[in-house]
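Heads up: the structure comes next, in structure tokens.
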Ligand code: FDA
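In our numbering, the protein residues as written are 604 to 896.
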């Protein structure tokens, strides 16, 4: 091994050590262990086998197999845990048909095991294709849901259609860097959009997921459901593994349904990068630790 390879392995090793704040581990066993710990705190989970933008069919097949194993393990353990996946991990960049058939295999197995599959939303280049595939699949499988990003201008229309067909929607702000002609850029305006969409979902949606760590949006949601007499069992809060764990526990203890998104696997870098981008304190934490050597 060259000295450059040794150095880059050492950096990758230290980065994974730091990523472990947001990633449950590399294996399904580690992920199940993390889900068990959450379960003991009254928190449910959704497992994400990390991976995206696969360029080879064989990699998409591996992802499908990993999800099928995850579904079996969830079933064996009896844990309240869904799965979340990305269409580019199922081969969307290779072929829409291939992607659909890969996803069908997972939805089929999940339906047999009485489980639920959430399709994460990726960058805006995939929004239309993701929603088209979702609506197509939803006609066949009712145990599949999707995600709407509050920062996109198109989301209000997309959400109306999803509510009309009775789809289960997770609402989040959106994690990708999008251009100003497609997405709201200012945090205040993203929050306003989030509230408008959340209001529709909470009043008319099918068991929506309010996915945020933003204290203002959490408080707004609690007030909204109280004022509109919406029972806590009609929706759930969702947060990411390792982000605001005390708030996760407090919401669960206060009687709200709380589900945590638990990512695991070897393809952790893009996910870790998005978590860093969200918060400058996280970047400083990484830089400080790398410099410590
Ligand atoms: P915001 O970023 O304003 O954070 C509010 C506060 O939360 C911060 O001040 C800090 O205290 C804490 N916090 C937030 N992020 C943190 C971090 N990385 N590290 C430490 N503290 C942090 N996006 C997407 O495009 N497609 C998707 O499918 C999903 N799926 C998804 C599932 C779930 C369960 C969640 C919670 C989020 C997503 N997202 C997503 C990500 C989402 O779009 C968004 O990027 C993040 O949730 C950050 O936005 P917040 O609303 O949490 O607020």
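Ideal Cβ positions, reconstructed from N, Cα and C, are used throughout, including at glycine.
With a 10 Å radius around the Cβ and a threshold of 16 neighbouring Cβ atoms, residue 790 comes out exposed. Spanning the alpha carbons of residue 760 and residue 801 requires a straight line of approximately 13 Å. Residue 721 is not a Cβ neighbour of residue 695, given a cutoff of 8 Å. Look at residue 744 here: in three-state DSSP terms it is coil, with no helix or strand label.
Secondary structure note for residue 678: its alpha helix (DSSP H) is the uninterrupted segment 660 to 680.
Going by DSSP, residue 840 is part of the beta strand (DSSP E) stretching over 839 to 843. In this structure, the straight-line span from the alpha carbon of residue 633 to that of residue 641 is close to 13 Å.
For a cut-off of 8 Å, the C-beta gap from residue 693 to residue 674 is around 14 Å, too long to register as a contact. The C-alpha of residue 666 lies about 34 Å from the C-alpha of residue 803. A check of alpha carbon separations from residue 710 across 743, 779, 805, 679 identifies 743 as the nearest. Annotated three-state conformation of residue 835 is helix, per DSSP. Collapsing the DSSP output to three states places residue 685 in a strand. In the three-state reduction of the DSSP assignment, residue 817 falls in the coil class. Judged by beta-carbon spacing, residue 776 lies within the 8 Å limit of residue 815, meaning their Cβ atoms are closer than that value. Scanning 818, 773, 752 for the CA closest to the CA of residue 788 turns up 752.
Of all alpha-carbon atoms in 625, 818, 783, 676, the one lying nearest the alpha-carbon of residue 878 is that of 625. With contacts defined by Cβ atoms closer than 8 Å, residue 662 and residue 687 do not form a contacting pair. Shown here for residue 869: same chain residues with a beta carbon closer than 8 Å to its own, the five before and five after excluded, namely 629, 653 in chain order. In the three-state scheme derived from DSSP, where H, G and I count as helix and E and B as strand, residue 723 is classed as coil. With a 10 Å radius around the Cβ and a threshold of 16 neighbouring Cβ atoms, residue 689 comes out buried. Here residue 708 has 667, 671 as same chain residues with Cβ atoms under 8 Å from its own Cβ, once five neighbours each way along the sequence are excluded.
In this structure, residue 747 lies away from residue 773, with their beta-carbon atoms at least 8 Å apart. At least one heavy atom of the ligand FDA sits closer than 7 Å to the Cβ of residue 723. Take the alpha-carbon of residue 779 and the one of residue 725: they are about 7 Å apart. DSSP, read as helix, strand or coil, puts residue 864 in strand. Taking C-beta separations shorter than 6 Å and ignoring five residues to either side along the sequence, the partners of residue 786 in its chain run 754, 755, following chain order. Relative to the ligand FDA, the beta carbon of residue 816 is positioned inside 7 Å of a heavy atom. Between the ligand FDA and the CB of residue 690, the shortest heavy atom gap is not smaller than 7 Å.
Taking 8 Å as the cut-off, the beta carbon of residue 638 is found no closer than this to the beta carbon of residue 622. Comparing alpha-carbon positions, the option among 700, 631, 645 lying closest to residue 679 turns out to be 631.
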